[in-house]
Amino acid sequence: MPSIPQARLRNFSIIAHVDHGKSTLADRILELTHTIDARQMTSQVLDSMDLEREKGITIKARAVRLEHTARDGLRYGINLIDTPGHVDFSYEVSRSLQACEGAILVVDAAQGIEAQTLANVHLALAQGLVIIPVINKIDLPSADPERVMTELEDVLAMPREEVILASAKEGTGIPEILEAIVERIPPPTGDPDAPLRGLIFDSHYDPYKGVVAYVRLAEGTLHQRESIRLMASGAQAEILELGVFRPQLVPVERLGPGEVGYVATGLKSVADCQVGDTLTASHHPAAQPLPGYKPARSLVFAGLYPLEGPDYPLLRDALEKLHLNDASITFEPESSVALGFGFRCGFLGLLHMEIIQERLEREFGLDLIASAPSVEYHVTLTHGRGEIPVDNPARLPGPSDIEEIAEPWVKVSIITPSQYIGTLMELATGRRGTIGTMEYLDPQRVLITFELPLAEVIVDFYDQLKSRTQGYASMDYEPIGYRQGTLVKLDVLVNGEPVDALSLIVHRDKSRAAGQGLVEKLKELIPRQMFEVPVQAAIGSNVVARETIRAMRKNVLAKCYGGDITRKRKLLEKQKEGKQRMKRVGSVEIPQEAFLAVLRTGDG
Amino acid sequence: MAVHTATPANPPDQQPDPVHVTDRVGSGSDPFDAGRDPMGGRPRPPVGLYLHIPFCVSLCPYCDFVVVTGHAARGPGSRIEAFVGALHAELTLRADALDAIDGIGGPDRTALRSVYLGGGTPSLLTAAQVAGLLDHIADRFGIALDAEVTLEANPGPTERGDIAGFRAAGVTRLSIGAQSMDPAELRRLGRRHDPVDVRAAIAEARAAGIRSVSVDLLMDVPGQTLASWDATLHAVASLEPDHVSTYQLTLDDPDAEGLTTVEGDHLPVRAGARRWRRRAAAEQDQDRAAAMDARADRVLDAVGLARYELSNRARPGHASRHNLAYWRREPVEAVGPGAHAFDGVTRRWNAARLDRYLAALVPPDDGSPSLPPGGTEVIDDPTVRAETAILGLRLADGIDAAFGEDPRLGPGLAWGMAHELVARRADRLVLTPRGRLLSNEVFARLLP
Ligand SMILES: Nc1nc2c(ncn2[C@@H]2O[C@H](COP(=O)(O)OP(=O)(O)O)[C@@H](O)[C@H]2O)c(=O)[nH]1
Ligand code: SF4
Ligand SMILES: [Mg+2]
């Protein structure tokens, strides 16, 4: 691959609200630049994970190098970095934006600006990127590019002359977009002769090449066979191979400032080559590392347990492997009476949690059960014993040890057709929210912000939002710090024994309703026992809800004649096996499925 | 009229009272005697014979038997005649096979103590067909003079058949599928008869000289109340049957149990029946069912119908001999689609599908008949013990208390006693009234 001078390099991202056409646009750009020939073209090439294709969302950022001859007749090297659009992954978005000088903002011609559009634009502006607004899907009968241009002008101060109209589906506007990339986005700065500094933004492990680091060079030049060092870990390595993503790995002789590529290090441990570390040359190391990434903050926590106890070591291995690929998950061992041994895991959000659980199940063949999601509380202990974080309700200290509990709050931004304002206000206030600002984007559409406890947002808030607005509203949220709350721990007791996996931290005002819901559900799900079993929800020793599971009255085989004996014996054998699989809480036998059903209903 | 080949131990009217029989389960020196093969792991000759007659006029949605309905059961396309031919062919082959076994074969074989024509609706056969079958059985297996010969009948006027003719053919006991004495319940159960038909069928049986009449009833069925059940019980009691079976309606799923494969002993459940069962199951209520069971005890005990098995009650001398053989793990031969036989060592069954049954036994072009498809299961020793205890506990008489010392069965029985589901009465262990309704809790703990 002939090398291209730094002045003719361009690095850009595509940012968009989910489904506005980012991946499709990336496909068209790859086609037009012959990066992928039409025969190999599958739709949404960059979304290579099975899960991404199925869910139609990009989960991980991806990079690809393309080349393009612009109208000026010169050949340009362009790095496209695809980013996820979902609110859970804004961490990934900001990470990929750090590798760019510009961003294409894709807005759906029929939908207009959505909550994620705003969030992503704000991230891009904060990085000082040049933004190229593109209105996509102009082929749709419902497309209204005029209205969307007005929105872009009014809300984001983007001049209409700068907007490119496109249809990623039909390929219109794509050459204009490429031309704008070349014309409007500045080349990367960075001295090719300075000591080498490259930021690791991702990695994967290859059994032959060891850790393959994905790197964006800030300064200096990287050559084949060079000795390198990682500034944070101190690890040393020989470069086994150097290359770019097209999007498959293609070796090159050298990488210069602003270029994005990969380095096969031969290192055996991904821990030696972590995302955010700075790569430098051993013989002429840089004095200062690049500013790394802010570590991802886990917002949602849940216990993940293997359905089959013996799978526990497999789950641990799987989490370790996944962590290499997705540094944003955290995990530590925990155990529960009801669910056995598992891990307390931290996730970026609920979608992230769902995706990780699915990846663990699919890629590692595990059957998992997740406990109810929780946030991280900050608990101030009495007698000046300081503050502790608690992300597992079962670990909350007793009431007498707690001075105060603070919980994370978020600012939720919602864009909605104005007729739904009422129902959304009701939703937010019902969840302890307060109304922030309200701004009309046009006569029909409003941007409202609320402040809400995160705990109230992670429990089906998004589903509620979608169903109350017939799917028209979009949302985004950002953390705004911790606030003190009147929070209590709600325990569930079966026959007087607490069931740790079902404990919840809730606002005192909601504890009775939450408790009632839980005990009713358990009453339905726990099979009758030989004796009457009380099921209670309690705050400390104060019972707030109670149901009774009546004693079993009948379990009998009515008929047992010649043909029935074998059959009935098999039915009894099944009952016996069922008993053996039961979890015991005190003297009560509870099928694991009952716990699963309670946990799966989500609102615990 | 059937030919009886063996001398009876008791004259017909002085049969031993099965409620107070002396050869109780496990009453010998070794409590496992009854469940074990006294001949050391070798098959024993049958004491009873079951014939499965799979035809019904229409299909009840809760039915769990091997049944064919519609054109195959009546009218010009009826397969009944062909089927009776197939039964004869199977009887011949089964008898030949028994004859070939050393020690139990041939004319020395003890005559059958019971024959049971079950279904389906065996009363759809003609009296001549029944007589032909019983003659054939008497000829090849022998039927004891005092044998119990049961025929199941549906009470409806078009279904109950020629009761006097059946009696003349050798039937001694009629089992009537009444199910309920409430017209609305009968409709909901998909039954074709009315309560008056039950009365008429019993009257015909008595007039024909049938000495033992049994009535089947169902509880915990859709739309049933404790009051309607009570009314059914009283109505049945007033008809003075000799035997009453009270079954909790069970809605098992033979498809899910894997019993409906081509070789399986059950037929697939039809979609309509599946829907009906789902609705019915939602209406079932274990508290109400328990109350119904207690009510049955109260009403039927008062008229001398004492419970001798979990679901069966009889006046003295009228317990079903044939069914007692199952509960005592005695060998029973069986013919017909879906029928199960036991020779003391091995359980054997015929596949359920009628077409395959007919194809094997009455092959086209006068080919020679072969045994129908099916399967076998050999019961290992720990399972024999468990079965013996489980089946024995179903009986009012229970099992020998020595079972409690068996290392495998002891813990389960002790658990049952601790929860007051099993009680010791003299040298016997029996289910308590609560234990009868929760017997599976004990039984599951007795399995190896
Ligand atoms: N009609 C039309 N549909 C499009 C266009 N671009 C994308 N789509 C469709 O919009 C949906 C979302 O596209 P995708 O590229 O996955 O969006 P992303 O979530 O932003 O990556 C897919 O069904 C695409 O086929 C377009 O220009 N016109
Ligand atoms: S009459 Fe009996 S055998 Fe026939 S379909 Fe009804 S329940 Fe089944
Ligand atoms: Mg996408």
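Residue numbers (this note's numbering), protein chains in the order written: chain H, 1 to 604; chain V, 1001 to 1448.
A virtual CB, placed ideally from N, CA and C, is assigned to each residue, including glycine.
When the options are compared against residue i, the one with the closest alpha-carbon
i, options, result
"E183/H", "Q575/H, V130/H, R546/H and K321/H", "V130/H"
"I565/H", "L1239/V, G1223/V and R1348/V", "R1348/V"
"S269/H", "D326/H, F595/H and Y205/H", "Y205/H"
"L1259/V", "L599/H, G563/H, R584/H and R581/H", "G563/H"
"D1220/V", "T1383/V, R1167/V, G1142/V and A1282/V", "A1282/V"
"V588/H", "T548/H, R569/H, A318/H and R28/H", "T548/H"
"G586/H", "R567/H, V544/H, P498/H and L522/H", "P498/H"
"A1401/V", "R1425/V, I1390/V, V1384/V and A1386/V", "R1425/V"
"L1233/V", "R1313/V, R1277/V, A1111/V and I1399/V", "R1313/V"
"P313/H", "E332/H, S298/H and L324/H", "E332/H"
"A338/H", "I590/H, Q6/H, D193/H and R65/H", "I590/H"
Cut-off 7 Å between Cβ atoms - residues of its own chain near residue i, not counting five sequence neighbours on either side
i, result
"L1421/V", "L1431, T1432, R1434, G1435, L1438, E1441 and V1442"
"E616/H", "Past the boundaries of the shown model lies residue 616/H; chain H is included only from 1 to 604, so the question cannot be answered."
"A296/H", "Y91, A327, S328 and L348"
"A1291/V", "L1226"
"R1408/V", "P1382, R1385 and P1448"
"A318/H", "L360, F364 and L366"
"V155/H", "I113 and L441"
Whole-angstrom distance between residue j and residue i, CA atom to CA atom
i, j, result
"Q464/H", "E387/H", "34 Å"
"E114/H", "R445/H", "10 Å"
"T1121/V", "K466/H", "58 Å"
"S1311/V", "G1118/V", "17 Å"
"P393/H", "V379/H", "11 Å"
"T469/H", "Y477/H", "18 Å"
"E1263/V", "S1175/V", "29 Å"
"G365/H", "R344/H", "20 Å"
"L80/H", "R10/H", "9 Å"
"G198/H", "T221/H", "9 Å"
"A406/H", "T265/H", "45 Å"
"G1272/V", "P1061/V", "7 Å"
"M438/H", "A143/H", "26 Å"
"R581/H", "L571/H", "15 Å"
"L1429/V", "E1330/V", "21 Å"
"V1067/V", "R569/H", "23 Å"
"L502/H", "G21/H", "41 Å"
"V1303/V", "V1236/V", "11 Å"
"L1134/V", "I1053/V", "14 Å"
"Q1224/V", "A1231/V", "11 Å"
"R8/H", "C100/H", "14 Å"
"G1338/V", "G1156/V", "25 Å"
Beta-bridge pairing of residue i - partner residues as DSSP gives them
i, result
"W409/H", "P453/H"
"K489/H", "I505/H"
"F1055/V", "V1068/V"
"Q236/H", "R229/H"
"T150/H", "None; T150/H has no bridge partner."
"F1342/V", "V1332/V and R1347/V"
Same chain, Cβ closer than 6 Å to residue i, neighbours up to 5 away in sequence not counted
i, result
"R1445/V", "G1412 and W1415"
"M158/H", "P133 and L152"
"D191/H", "E219"
"S335/H", "F341"
"V1213/V", "L1174, I1202, A1205, P1241 and D1242"
"Y1466/V", "The displayed coordinates of chain V run from 1001 to 1448. Any statement about residue 1466/V would go beyond what the structure contains."
Partner residues on chain B for residue i, Cβ-Cβ distance less than 7 Å
i, result
"N1440/V", "Protein chains H and V are contained in the structure displayed, whereas chain B is not."
Cutoff 8 Å; reference residue i; Cβ partners in own chain excluding five residues on either side
i, result
"P195/H", "E219, G220, T280, A281, H284, P285, A286 and A287"
"M353/H", "V300, A302, C345, F347, A370 and P373"
"A1082/V", "L1358 and V1362"
"A271/H", "S233"
**Q.** Neighbouring residues (CB closer than 6 Å to any heavy atom of ligand 2)
**A.** Those residues that bring their Cβ nearer than 6 Å to a heavy atom of ligand 2 are C1056/V, L1059/V, C1060/V, C1063/V, F1065/V, V1067/V, G1119/V, G1120/V, T1121/V, N1154/V and G1177/V.
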